[in-house]
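First residue of the sequence shown? That's 22 in the working numbering, and the numbers climb one at a time after it.
From the three backbone atoms N, C-alpha and C, an ideal C-beta is built for every residue, glycine too.
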Amino acid sequence: MPKKNDLERKALQLVFDAGSEGLLQSDMWKGLGVTSREGSRLALKFEEKDAIERRKVLHNGRWTYKLFSQTKLVTLESIKDCPCIVCEGLDKCFEGGQISPLNCQPLTLWMESNTAEPDA
Ligand code: SF4
């Protein structure tokens with residue numbers, strides 16, 4: 022039996038690898054070699070931590086859950102406009118320093134523009 026952290030890591034990897042198709046909860050616990058009870062407990066724990074989303078689906082005439090990873094890949098494209106990339110103060114910028122990302126207006130504005138909800 023794998024250690025608890027190894028088991029959770031493997032479970033999250035299985036869900037992540039399923040991508041946008043999602044992974045049936047039963048396929049997760051079968052892939053892990055654990056009981057359905059243990060698999061359900063893990064899925065609920067991950068959902069509480071916002072690591073996954075559980076969606077109720079009808080599969081082979083029975084209601085079950087599909088699991089979707091909430092982990093987003095960071096791509097170069099996603100940071101190409103970050104002001105830090107061209108900032109002249111980059112080498113002096115650190116938490117507790119004279120300049121800091123914690124109170125940097127350009128960085129704050131960039132982060133806000135990248136986390137805004139899309140228009141409905
Ligand atoms: S956080 Fe602000 S000051 Fe620091 S490197 Fe980025 S843009 Fe420059």
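DSSP three-state assignment for residue i, whether helix, strand or coil
i     : result
Glu74 : strand
Thr56 : coil
Nearest-angstrom Cα separation, counted from residue j out to residue i
i      : j      : result
Ser93  : His80  : Ser is not the amino acid found at residue 93; the sequence shown has Lys there. C-alpha separation (whole angstroms): 26 Å.
Leu53  : Asp102 : 40 Å
Val107 : Asp27  : 40 Å
Arg62  : Lys70  : 13 Å
Trp131 : Phe37  : 28 Å
Neighbourhood of residue i by C-beta distance below 8 Å, restricted to the same chain and skipping five residues each side
i      : result
Leu33  : Phe67, Ala72, Ile73, Ser90, Thr92
Gln119 : Lys113
Ser41  : Phe89
Counterpart residues of residue i in DSSP-defined beta bridges
i     : result
Cys18 : In this structure the chain extends from 22 to 141, so residue 18 is not present and cannot be described.
Phe89 : Glu74
Cut-off 6 Å between Cβ atoms - residues of its own chain near residue i, not counting five sequence neighbours on either side
i      : result
Ala141 : Interpretation of Ala141 is limited by its pLDDT of 42, a score under 50 that renders its predicted location unreliable; no figure is taken from the coordinates.
Residue-chain proximity (residue i, chain B), Cβ-Cβ < 9 Å
i      : result
Gln119 : You won't find chain B in this structure, because it holds only one protein chain.
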